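1421 is the number that the numbering used here gives to position 179 of the sequence shown; each next residue is one higher, with no gaps.
We treat Cβ as the ideally placed atom computed from N, Cα and C, and that holds for glycine.
Fair warning: this is a prediction, and the values are worked out from it, not measured in the lab.
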Amino acid sequence: MNANIEIGRASVGKRLTAGLMMATLGLLLAACILMPGRFTSSLDLRKDGHFSFAYKGEIHFVSPSDLDEGKGDGAKSASKEQEEAQMKAMLGGADLSDPKAAEEFARKLMRQHGWKSVKSMGKGRFDVDYAVSGTLTHDFTFPVIDDFPQANPFVQVILRGDGSARVNAPAFSSGASGSPLRSLARMGAMDEANKDKGPQLPVMEGTFAVSTDGAILANNTEEGPRTDASGSSVLNWKVDDSTASAPSALINLTK
């Protein structure tokens, strides 16, 4: 009897996991889905208000059809076609599976400040070189794309009234709060029978560095801050698909 109870519990657990995955996936498909791939990124914050930020590497636009790969059923339901139409509408009518449309979208990005280079690599993957600098008078978020609803920022700098700044990189992790799709894929992998049927997601692998002449009040690096040749404090994170906690730091920028 105990064996039957355990089997029943396992079955219920699998059904709950599957149900949660489908519900979460449905919500995500109604939102804009941007994901980092292989990249290097850096942020510099100065007490005089100057800042610079750079991101060089891959950005993936993940569509519903990408998430359906590997399921083995070639037929598309009306709901799936509707979801793809919603994603296309979010991209201003662009179908990034079309090479010409993807190239036009890349040219559109390069018209925005900071996008030095944007190259379409096919299937919603873009190789980008982004760099911006100036005076930080308000909160900063990357990426921001014209006419594109932003649901999952890669990097945020949030200014506080006491002169400190909170740095978060929510997309540089596999945790649910930063990258719901990666968390969803990990949940699916727990079910051995369905490990090859879950969302096929881009590989994330990169580095994120934060440098400052301010006082680092808190951070979640493994080794803590180091001092470079200029006397600045530097935080370094290596992130990949197994990174559970998104990079985070609190820095005092008062003079």
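Q | Per DSSP, cross-strand counterpart(s) of Ala1373 | A | DSSP lists Ala1296 as the beta-bridge partner residues of Ala1373.
Q. Is Thr1379 near Gln1398, with beta carbons less than 8 angstroms apart?
A. No, they are not a contact pair.
**Q.** Rounded straight-line distance, which links the Cα of Thr1454 to that of Phe1390
**A.** Straight-line Cα distance between these residues: approximately 31 angstroms.
Q | Endpoints, the alpha helix (DSSP H) within which Phe1414 is located | A | Phe1414: not part of any alpha helix (DSSP H); DSSP gives it neither H nor E.
Q. Based on the DSSP output, what are the partners of Arg1408 in its beta bridges?
A. Bridge partners of Arg1408: Ile1400, Leu1492.
Q) Any chance the CB of Gly1376 is under 7 angstroms from a heavy atom of the ligand MN? A) The ligand MN is not among the ligands present in this structure, which contains no ligands whatsoever.
Q.
Per DSSP, what are the beta-bridge partners of Val1360 in this structure?
A. Paired residues: Val1370.
Q | Distance between beta carbons of Leu1477 and Asn1494, contact taken as under 8 angstroms | A | So it is not a contact: roughly 14 angstroms between Cβ atoms.
Q: Could you check what DSSP says for Phe1390 in three-state terms: helix, strand or coil?
A: Here Phe1390 sits in coil by DSSP.
Q: Express the C-alpha separation of Ala1373 and Trp1223 in angstroms, rounding to a whole number.
A: Since the displayed the chain opens at 1243 and closes at 1497, residue 1223 lies outside it and no answer follows.
**Q.** Under the three-state DSSP convention, the category Leu1351 falls into
**A.** Assigned with DSSP and collapsed to three states, Leu1351 falls in helix.
Q. From this set, Ser1375, Glu1345, Arg1402, Arg1367, which residue's C-alpha is nearest His1355's C-alpha?
A. Of Ser1375, Glu1345, Arg1402, Arg1367, the residue nearest in Cα terms is Ser1375.
Q: Inspect the CB distances between the segment 1274-1286 and the segment 1443-1457 and report whether three or more fall short of 8 angstroms.
A: The segment 1274-1286 is in contact with the segment 1443-1457.
Q. Under three-state DSSP, which class holds Pro1395?
A. Pro1395: coil per DSSP, three-state reduction.
Q) Are the CB atoms of Gly1364 and His1302 nearer to each other than 8 angstroms? A) The beta carbons of Gly1364 and His1302 sit no closer together than 8 angstroms.
Q | Sequence-distant residues of its chain with Cβ nearer than 6 angstroms to Phe1295 (five each side left out) | A | The residues are Leu1285, Val1374.
Q: Would you grab the beta carbon distance between Tyr1297 and Val1370 for me? Rounded to a whole angstrom, and I think it's under 8 angstroms.
A: Their Cβ separation, rounded to whole angstroms, is 7 angstroms, which keeps Tyr1297 and Val1370 in contact under 8 angstroms.
**Q.** Ser1339 versus Phe1347 - alpha carbon distance
**A.** Approximately 11 angstroms between the Cα atoms of the pair.
Q) Candidates Ser1283, Pro1395, Ile1458: which alpha carbon is nearest Gly1405's? A) Cα-wise, what sits closest to Gly1405 is Ile1458.
Q | Cβ-Cβ separation, Pro1385 to Phe1368 (assumed contact under 8 angstroms), whole Å | A | For Phe1368 against Pro1385, the beta-carbon gap comes to about 10 angstroms, at or over 8 angstroms, which does not count as contact.
Q) Taking C-beta to C-beta, are Arg1408 and Leu1492 nearer than 8 angstroms? A) A contact, by the Cβ cut-off of 8 angstroms.
Q | Rounded straight-line distance, which links the Cα of Ser1415 to that of Thr1463 | A | Approximately 13 angstroms between the Cα atoms of the pair.
Q.
Considering only the alpha carbon of each residue, which of Trp1479, Thr1469, Glu1465, Gly1466 lies closest to Ala1451?
A. Ala1451 has its Cα closest to that of Trp1479, out of Trp1479, Thr1469, Glu1465, Gly1466.
Q.
Helix, strand or coil for Lys1365? Go by DSSP, reduced to three states.
A. DSSP places Lys1365 in coil when its eight states are reduced to three.
Q) Which value, in whole angstroms, describes the spacing of the CA atoms of Ala1488 and Arg1353? A) Ala1488 and Arg1353: Cα-Cα distance of roughly 30 angstroms.
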